[in-house]
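These protein sequence lines are chains A and B, in that order.
Last residue of the first sequence: 302 in this note's numbering, with the numbers rising by one and none dropped.
Last residue of the second sequence: 670 in this note's numbering, with the numbers rising by one and none dropped.
The block underneath contains the structure these notes are about, expressed in structure tokens.
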Amino acid sequence: MIVDVLSGGVSGGTSIMYAALGETVSERAGIINLGTEGCMLMGAFAGFAVTSMTGSPWLGMLAAAAAGGVLALIHAILVVSRKANQFASGLSLLFLALGLTALYGSGYVGQKINAFDPIAIPGLSSIPFIGPILFEQNILTYISYFVAPLMWFIIFRTRIGLMLRTAGERSEVLTVNGYSVVKVRYIAVVTGGIFAGIGGAYLSVAYSQSWFENMIIGRGFIAVALVVFAAWDPLKVIGGAYLFGSALALSPVLQANGYEVNQFALDMLPFVLTLLLLVFLGKRAVNSSPAELRKVFDNARA
Amino acid sequence: MTTTVTPPDLSPTPDDGKSPLSQRLDVVGRLTGRWVGAILIALIIFSILIMTRGANPITVFSEAWANTIQSPFAMQQALVKAAPLILAALAVAIPARAGLVNVGGEGQLIIGAVAAAGVFQFTDGRLAGPVLIILMVIAGMVAGALWSGLAAFLRVTAEVNEAVSTLLLNFIALDLLLFLIYQPWKDPNGTGQPASPPLQDDAHLPLIGDTTVTIGIIIAVVCAILAWVLLKFTRWGFKLAVAGGNPEAARRAGLPVNRLLMSSMLLGGALAGLGGMIYYAGTEYQLRPGLLATIGYSAFLASWLVRHRPLLIIVSSVILAILIVSGDSLQIDSDLPAASINILTGLLLIAVLGWTASPWFKKKGSES
């Protein structure tokens with residue numbers, strides 16, 4: 001049973017992980033995007049629709065990435081160029097995504113697609129305990145094992161990463177050195193949207209292999225919260241994402257094993273857990289936050 | 303920690319010898335212009351989008367117009383929905399004065415409705431209607447205040463950002479509601495989707511005249527006016543604005559910033575909780591899944607659209623409520639999903655946010 005929960009945690013957490021990794025990039029540049037939820041929704045829909053039309057889940061992922069990126073671009077225009085409030089702008093994206101996916105998605109409800117199914121990796125999957133948890137997953141989950149470390153490397157060990165972090169810490173330094181803060185932030189926010197789109201499509205094309213209205217139900221917001229207590233570190237995002245995935249997987253696994261549980265009491269778990277972690281890690285995490293982001297967060301703090 | 307130097311705000315103030323009144327009219331005029339422009343742009347994009355779905359926008363709009371604006375019943379429905387919208391929007395506006403972002407209107411509405419239903423659940427018809435109503439009002443307000451207060455408390459003690467925590471609390475409230483109506487509070491005589499038992503008849507909020515509109519809308523409007531007075535004419539309101547404008551200065555001037563933040567959130571949450579109670583005891587009479595749809599999120603937009611001005615919130619809330627109701631027309635008359643109307647809501651806010659970068663919207667870099 002523990003294996004089931006953890007394996008469900010990995011497969012369910014992958015979606016949150018992609019979104020949270022994207023949001024890490026965006027927030028490292030000083031921009032928080034509550035529209036992550038909306039970008040995931042757009043990705044979930046675009047991924048499903050294009051997979052359904054073309055029969056290729058890879059094209060679906062490409063469309064999902066584009067859809068998430070385009071939606072995030074609106075956020076970038078509003079908050080970077082127009083200096084709009086980041087929280088309000090993010091939520092407007094959510095509304096837009098809810099409406100767009102409802103309008104175009106009604107025909108796709110209940111459809112079946114050629115989805116990403118789990119592939120057991122020969123050899124590795126027969127390792128006791130770890131095998132079924134980590135190596136009986138779908139291809140997108142396998143890719144995600146490499147994405148987080150790669151992102152860590154880019155953010156902390158490359159020139160691009162340095163520029164990204166500078167935009168979030170002391171943007172005037174970029175300006176002084178002749179770089180464009182605006183450009184860096186646009187790229188960061190759109191990158192965040194692309195990853196959120198992939199995370200959303202993971203849900204529709206690989207995890208639940210179906211499309212229904214408002215199918216993200218809060219995962220995007222969890223992803224945003226996750227970035228905070230992962231202290232803007234891609235490697236810590238991995239652990240957090242699997243933790244939430246496991247919390248999400250608990251209720252179906254318990255039910256499958258014949259335990260009488262109220263599903264909704266358990267559905268609360270990931271959100272309560274997020275809140276508790278923010279309380280216990282929040283202060284320490286906030287202290288390590290990018291300075292420009294802190295201004296957005298602590299607008300009323302002295 | 304770094305110190306960021308932000309240039310002083312050099313935006314020109316419209317103060318060229320005009321009288322305060324004409325300045326005010328200027329502001330109102332500009333706001334109206336922005337609204338009209340935003341609505342137009344949003345409508346045009348929305349038209350193009352529904353055209354791609356094979357619907358004729360002119361038919362859609364005229365159907366929606368006929369069945370919403372020209373239908374007394376639909377307009378009454380809009381007013382019914384506007385009551386919780388206004389109250390939840392005030393729950394955004396008041397903390398916003400102190401620089402707080404309350405995205406938890408949805409959760410605070412839900413928890414207010416849950417608390418009101420809880421009072422009925424535990425008294426089980428033993429109380430007279432009016433007494434029950436009063437108890438439900440108190441319970442709804444207290445529950446709403448606790449819900450937002452929790453976020454405020456975490457903000458001032460553990461530095462948990464209130465936008466994130468109020469969002470998470472929305473989902474917790476929703477799951478709590480579902481948990482209750484699927485098990486402990488499930489109506490044993492109910493058929494179809496689970497719901498709590500219907501509220502006793504004599505505890506329904508009174509209707510205005512022979513309409514279907516309850517006194518809830520009157521309560522909401524009165525609250526908006528009171529909020530306006532509170533923010534504009536009282537010491538508390540002034541302190542709140544100072545704390546929101548420049549917390550560092552406020553703290554040095556000896557203002558109890560944390561207490562101000564807490565009180566603004568508590569008051570906001572209480573109002574949203576009242577909104578939830580009104581929706582329960584005035585419209586729904588029982589808890590059910592999807593009770594509030596996304597009224598709480600619409601309320602966030604309603605407040606942002608008018609830059610958190612309590613009196614204008616009445617206007618923006620009614621407009622958004624009409625939009626929500628017209629979503630039903632979309633579904634029934636034009637066979638488009640009701641949720642498509644969210645496109646219009648989203649576009650509207652995007653247009654208004656993008657239109658102006660006024661000091662009210664700007665985050666001031668006053669932090670060290």
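Glycine included, each C-beta is placed from N, C-alpha and C at the ideal position.
Member of the options whose CA lies at the smallest distance from the CA of residue i
| i | options | result |
| --- | --- | --- |
| Ile-519 (chain B) | B:Leu-389, B:Ser-566 and B:Asp-328 | B:Leu-389 |
| Ile-74 (chain A) | A:Tyr-108, A:Ser-92 and A:Leu-150 | A:Ser-92 |
| Phe-116 (chain A) | A:Thr-36, A:Pro-57, A:Ser-210 and A:Asn-214 | A:Pro-57 |
| Trp-538 (chain B) | B:Ile-626, B:Leu-563 and B:Ala-526 | B:Leu-563 |
| Leu-651 (chain B) | A:Leu-62, A:Ala-88 and A:Gly-110 | A:Ala-88 |
| Ile-412 (chain B) | B:Asn-463, B:Val-444 and B:Val-654 | B:Val-444 |
| Met-163 (chain A) | A:Ser-26, A:Thr-141 and A:Ile-2 | A:Ser-26 |
| Leu-649 (chain B) | B:Gln-495, B:Leu-387 and B:Phe-348 | B:Phe-348 |
| Ser-274 (chain B) | B:Ser-636, B:Gly-577, B:Asp-630 and B:Ile-645 | In this structure chain B extends from 303 to 670, so residue 274 (chain B) is not present and cannot be described. |
| Leu-392 (chain B) | B:Phe-473, B:Ala-441 and B:Trp-606 | B:Trp-606 |
| Ala-529 (chain B) | B:Ala-357, B:Gly-570, B:Ile-474 and B:Leu-476 | B:Gly-570 |
| Pro-270 (chain A) | A:Ile-222, A:Arg-284, A:Ile-127 and A:Leu-174 | A:Ile-222 |
| Leu-622 (chain B) | B:Ile-346, B:Ile-634, B:Gln-379 and B:Thr-361 | B:Gln-379 |
| Leu-448 (chain B) | B:Ala-366, B:Ser-566 and B:Gly-427 | B:Ser-566 |
| Gly-107 (chain A) | A:Val-227, A:Leu-275, A:Glu-213 and A:Gly-240 | A:Glu-213 |
Alpha-carbon spacing of residue i relative to residue j, whole angstroms
| i | j | result |
| --- | --- | --- |
| Ile-643 (chain B) | Thr-493 (chain B) | 30 Å |
| Ile-31 (chain A) | Gln-423 (chain B) | 45 Å |
| Tyr-179 (chain A) | Val-286 (chain A) | 27 Å |
| Ile-615 (chain B) | Gly-220 (chain A) | 28 Å |
| Ala-76 (chain A) | Val-190 (chain A) | 7 Å |
| Ser-364 (chain B) | Thr-585 (chain B) | 28 Å |
| Leu-501 (chain B) | Ala-419 (chain B) | 8 Å |
| Asp-317 (chain B) | Arg-332 (chain B) | Low per-residue confidence applies at Asp-317 (chain B): pLDDT is 48, beneath 50, and the placement is therefore not dependable, though the value from the model is reported in the following sentence. Looking at the two C-alpha atoms, the distance is approximately 15 Å. |
| Gln-410 (chain B) | Pro-612 (chain B) | 18 Å |
| Gly-245 (chain A) | Ala-196 (chain A) | 16 Å |
| Ala-604 (chain B) | Ser-618 (chain B) | 5 Å |
| Ile-352 (chain B) | Leu-646 (chain B) | 11 Å |
| Ala-20 (chain A) | Gly-578 (chain B) | 33 Å |
| Leu-533 (chain B) | Ile-396 (chain B) | 8 Å |
| Ser-467 (chain B) | Pro-499 (chain B) | 31 Å |
| Glu-550 (chain B) | Val-394 (chain B) | 23 Å |
| Ala-66 (chain A) | Ser-636 (chain B) | 30 Å |
| Leu-470 (chain B) | Leu-568 (chain B) | 17 Å |
| Leu-345 (chain B) | Trp-657 (chain B) | 16 Å |
| Gln-485 (chain B) | Val-421 (chain B) | 17 Å |
| Lys-488 (chain B) | Leu-480 (chain B) | 10 Å |
| Arg-355 (chain B) | Leu-103 (chain A) | 8 Å |
| Lys-666 (chain B) | Ala-430 (chain B) | Only weak support exists for where Lys-666 (chain B) lies, its pLDDT of 40 falling under 50; the coordinates are left without a value. |
In DSSP terms, what residue i is bridged to
| i | result |
| --- | --- |
| Leu-94 (chain A) | Note: Leu-94 (chain A) sits in no beta bridge, so no partner. |
| Thr-516 (chain B) | B:Leu-509 |
Exposure label - residue i; buried when at least 16 CB within 10 Å
| i | result |
| --- | --- |
| Arg-28 (chain A) | buried |
| Lys-383 (chain B) | buried |
| Phe-455 (chain B) | buried |
| Thr-166 (chain A) | buried |
| Ala-555 (chain B) | exposed |
| Pro-310 (chain B) | Reliability of the predicted coordinates at Pro-310 (chain B) is poor, the pLDDT of 45 falling under 50, and no value is obtained from them. |
| Lys-295 (chain A) | buried |
| Ile-624 (chain B) | buried |
| Thr-101 (chain A) | buried |
| Glu-461 (chain B) | buried |
| Arg-207 (chain A) | The amino acid at residue 207 (chain A) is misidentified as Arg; the sequence shows Tyr. Buried is the call here. |
| Pro-290 (chain A) | buried |
| Lys-283 (chain A) | exposed |
| Thr-334 (chain B) | exposed |
| Trp-367 (chain B) | exposed |
| Arg-561 (chain B) | exposed |
| Phe-663 (chain B) | Here the model assigns Phe-663 (chain B) a pLDDT of 39, short of 50, so the residue's position is not dependable, and the following value carries that caveat. Looking at its Cβ environment, which holds 16 or more other Cβ atoms inside 10 Å, Phe-663 (chain B) is buried. |
| Asp-426 (chain B) | exposed |
Could you list the residues in the segment 106-131 of chain A with a C-beta less than 7 Å from some C-beta on chain B, going in chain order?
-> Ser-106
Quick one: which residues of the segment 479-513 of chain B get their C-beta closer than 7 Å to a C-beta of chain A? List them in chain order.
-> Leu-480, Phe-481, Tyr-484 and Gln-485
In chain order, what residues of the segment 68-83 of chain A put their CB closer than 9 Å to some CB of chain C?
-> The structure shown contains no chain C; its protein chains are A and B.
Using a Cβ-Cβ cut-off of less than 7 Å, list which residues of the segment 267-284 of chain A approach chain B; keep chain order.
-> Result list: Asp-267, Met-268, Phe-271, Val-272, Thr-274, Leu-275, Leu-278, Val-279, Gly-282 and Lys-283.
Compile a chain-ordered list of the residues in the segment 460-475 of chain B whose CB is closer than 7 Å to at least one CB of chain A.
-> Ala-460, Glu-461, Val-462, Asn-463, Ala-465, Val-466, Ser-467, Leu-469, Leu-470, Phe-473 and Ile-474
What residues in the segment 214-241 of chain A bring their beta carbon closer than 9 Å to a beta carbon of chain B?
-> Asn-214, Ile-217, Gly-218, Phe-221, Ile-222, Val-224, Ala-225 and Val-228
Taking only beta carbons into account, state which residues of the segment 337-364 of chain B come closer than 9 Å to chain A, listed in chain order.
-> Phe-348, Leu-351, Ile-352, Thr-354 and Arg-355
Under 7 Å (Cβ pairs) to chain A, residues found in the segment 387-417 of chain B = Ala-400, Gly-401, Leu-402, Val-403 and Val-405
Selection of the segment 447-458 of chain B by Cβ proximity to chain A, strictly under 8 Å = Residues passing the 8 Å Cβ filter: Leu-456.
Going along the segment 578-604 of chain B in order, which residues come within less than 9 Å of chain A, judged by CB to CB distance?
-> Thr-596, Tyr-599, Ser-600, Phe-602 and Leu-603
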